[in-house]
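In the working numbering, the protein residues as written are 2 to 131. We put the beta carbon where it would ideally sit given N, CA and C, even for glycine. Okay, so here's the structure we're looking at.
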Amino acid sequence: MKRILLSIITLFVVSFASAQVTATMVDDAPYNYEEVEVRPEFPGGNNALMTFISSNFKMPDYDGGGGTLKVAFIIEVDGSVTNVKVVKDLGQGTGAEAKRVISLLPHWTSGEHRGQKVRVLYEIPIKIAG
C-alpha cells in the first residue's frame, strides 16, 4: 500500500514539474508579427525605419544584379532588437552588412498580446539596386 501511494505521489510530482517547464517555454516563444493585437513599432514609423536602414547601410563590393535581402529579428518586451538572422542573402557581404545595420536599430515600442507585452518575430526585406 505504501508503494502504491508513493508511486502515485511521485507520478503527480513529475507530471506537475514537467507541465511547468512546458508552460515556461511556450510563454517565452516569440509571436509572429501578424499574431499580436498591438504590433511593435519603430520610432517614427516605417518611413523612419527605411530611412535609418538606407542611411546606415554601407554597400559592400557587390556586382550582382540586385535583389532583395530578408532579415529576421526579435523585438523583445523592452523594445530591444535581438537574434538578428539573415533569412535570404544575396552574397558578397550584403547579408553581413544588413545584419550589422539591423543590430544598430534603437528600441521599438513593444508588441502586446492579450494585454501583456510580448516578444515579436519581425522580418524585413531590404532591396538592393542592380
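Unbroken beta strand (DSSP E) run spanning residue i, endpoints
{"i": "Ala121", "result": "For clarity, residue 121 is Val in the given sequence; the question names Ala instead. First-last of the beta strand (DSSP E) with Val121: Val121 to Ile129."}
{"i": "Thr83", "result": "Val82 to Lys89"}
Buried/exposed call for residue i, threshold 16 Cβ in 10 Å
{"i": "Glu35", "result": "exposed"}
{"i": "Ala30", "result": "exposed"}
{"i": "Glu124", "result": "exposed"}
{"i": "Ala97", "result": "exposed"}
{"i": "Leu105", "result": "exposed"}
{"i": "Thr95", "result": "buried"}
{"i": "Ala99", "result": "buried"}
{"i": "Pro44", "result": "exposed"}
{"i": "Val72", "result": "buried"}
Proximity test, Cβ basis, 8 Å: residue i and chain C
{"i": "Val37", "result": "Among the protein chains of the structure shown there is no chain C, as only one such chain exists."}
Residues that residue i bridges to, as DSSP identifies them
{"i": "His145", "result": "Only positions 2 to 131 of the chain appear in the structure, and residue 145 is not among them; the question remains open."}
{"i": "Val102", "result": "In the DSSP output, where bridge partners are listed per residue, Val102 has none listed."}
Helix, strand or coil at residue i [DSSP, three-state]
{"i": "Tyr34", "result": "helix"}
{"i": "Lys59", "result": "coil"}
{"i": "Gln93", "result": "coil"}
Opening and closing residue of the alpha helix (DSSP H) in which residue i lies
{"i": "Val72", "result": "Taken as a continuous stretch (DSSP letters only), Val72 belongs to no alpha helix (DSSP H), being part of the beta strand (DSSP E) at Gly68 to Ile76."}
Query raised in the report: Just checking, does the segment 45-59 make contact with the segment 74-88 on the three C-beta pairs under 8 Å criterion?
Result: no
Requested in this report: Assess, as a yes-or-no matter, whether the segment 108-115 is touched by the segment 60-75 under the definition of 3 or more beta carbon pairs within less than 8 Å.
Outcome: By the Cβ rule, the segment 60-75 does not count as touching the segment 108-115, because fewer than three pairs are nearer than 8 Å.
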